[in-house]
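In this note's numbering, the protein residues as written are 196 to 305.
Here you go:
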């Protein structure tokens, strides 16, 4: 079964997303911020990353830019989670995200 990394600093949001994804049968790796996610990418090989934009230590934009500079990870799909809505679509995609979802995320949309 594919593995999905959830990078989200809010414990409740991360738990909810992780529970939802596990319920579909996927393996989940959890990260509390972008720096934590980069460290965990070294020891794991997720098939997809779902990443919050606003996080402490290293935000989502910093995370995805670092990931895209690594040739081993450059093609990994990364979905941004944002509370800002569709007006940020171009900025999100130009930062290196594959696409984005606006919070709150429904199970149907994810």
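Positions of the beta carbon are idealized from the N, C-alpha and C atoms, including for glycine.
Checklist entry - By how many angstroms is the C-alpha of residue 226 removed from the C-alpha of residue 235? => result Position 40 of the chain shown, counting from 1, holds the residue named residue 235. Position 31 of the chain shown, counting from 1, holds the residue named residue 226. About 8 Å.
Checklist entry - By Cβ distance, which residues of its chain are closer than 7 Å to residue 252, with the 5 residues on each side in sequence left out? => result On the chain shown, residue 252 is found 57 positions in, with the first residue counted as 1. Cβ within range, chain order: 228, 229 and 230.
Checklist entry - Sorted by chain position, which residues of the same chain lie with C-beta nearer than 7 Å to residue 196's C-beta, five sequence neighbours on each side aside? => result Sequence index remark: in the chain shown, residue 196 carries index 1 (1-based). Only 220, 221 and 222 meet the Cβ criterion.
Checklist entry - Once you ignore the five residues that flank residue 261 on each side, which residues in its own chain have a CB closer than 7 Å to its CB? => result The residue given as residue 261 occupies position 66 in the chain shown. Correct list, in chain order: 233.
Checklist entry - Who are the near neighbours of residue 256 in its chain, counting only those whose CB is closer than 7 Å to its CB and skipping five residues on each side? => result Mapped onto the chain shown, residue 256 falls at position 61. If we look at residue 256 and ignore the five residues flanking it on each side, its Cβ neighbours are 248 and 290.
Checklist entry - What are the residues that DSSP puts in a beta bridge with residue 232? => result Reading the chain shown from its first residue, position 37 is the one you call residue 232. Its beta-bridge partners do not exist; DSSP assigns none.
Checklist entry - Considering only C-alpha positions, which residue in the set 270, 292, 266 and 268 is nearest to residue 277? => result The residue labelled residue 277 in the question sits at position 82 within the chain shown. Selected option, being the one with the closest Cα: 292.
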